[in-house]
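*Asks:*
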Amino acid sequence: MASPTILSPEQIAEFRAKLEAKVAKLVADAQNNLEWFKTSTGAQLTRSDKGTLRVAVYSPLTGREVITDMFPIDAVVDRRFLETEVANIQPKVLGAFAEDYLHEQLLAQLRL
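Numbers 13 to 124, taken from the numbering used here, label the letters of the sequence shown in order.
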């Protein structure tokens, strides 16, 4: 049986520094992904205590919530997942905004 390799304090420090750099990059990438997602959808994100993010998009005209979705927090590191979410959310948001706009226009016409 091979004996275990004993690392020097310098090797341990070097390994720790590399690991911390990788973690910092993952965190930065996830934060960038979240910012891109929020900008692309206009969503407000809320972290739940069950390891998920709640996605909510509100109409600028009426203030009503037009989209609600949830996804696992760890999904933010997967850019393709977020791109799919954006592709699913954007048409719904545009449709809801158009509906609110038309509703407001109809109400304005009725007030005349």
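The beta carbon of each residue, even a glycine, is placed where N, CA and C say it ideally should be.
How close, in whole Å, do the beta carbons of Leu46 and Val88 come, if the pair is a contact with beta carbons under 8 Å?
*Replies:* Taking the sequence shown and counting its residues from 1, the one referred to as residue 46 is at position 34. Taking the sequence shown and counting its residues from 1, the one referred to as residue 88 is at position 76. At roughly 5 Å, the Cβ-Cβ gap stays under 8 Å, so Leu46 and Val88 are in contact.
*Asks:* As a quick exercise: from Asp86, Pro72, Ser60 and Ala55, pick the residue whose alpha carbon is nearest that of Ala42.
*Replies:* The residue given as residue 42 occupies position 30 in the sequence shown. Selected option, being the one with the closest Cα: Asp86.
*Asks:* Taking a contact to mean a Cβ-Cβ separation below 9 Å, would you say Phe109 touches Glu97 in this structure?
*Replies:* Working through the sequence shown from its first residue, we reach residue 109 at position 97. Working through the sequence shown from its first residue, we reach residue 97 at position 85. Result no, Cβ atoms of Phe109 and Glu97 do not sit closer than 9 Å.
*Asks:* Considering only residues of the same chain and omitting the five flanking positions on each side of Lys50, which have a CB-CB separation below 7 Å?
*Replies:* Position 38 of the sequence shown, counting from 1, holds the residue named residue 50. If we look at Lys50 and ignore the five residues flanking it on each side, its Cβ neighbours are Leu57.
*Asks:* Where does Ala68 sit, in a helix, a strand or coil, going by DSSP?
*Replies:* Taking the sequence shown and counting its residues from 1, the one referred to as residue 68 is at position 56. Strand.
*Asks:* If I'm right that Asp90 touches Val67 with Cβ under 8 Å, what's the distance once you round it to whole angstroms?
*Replies:* As a working note, residue 90 is residue 78 in the sequence shown. As a working note, residue 67 is residue 55 in the sequence shown. Not really, about 15 Å apart at Cβ, beyond 8 Å.
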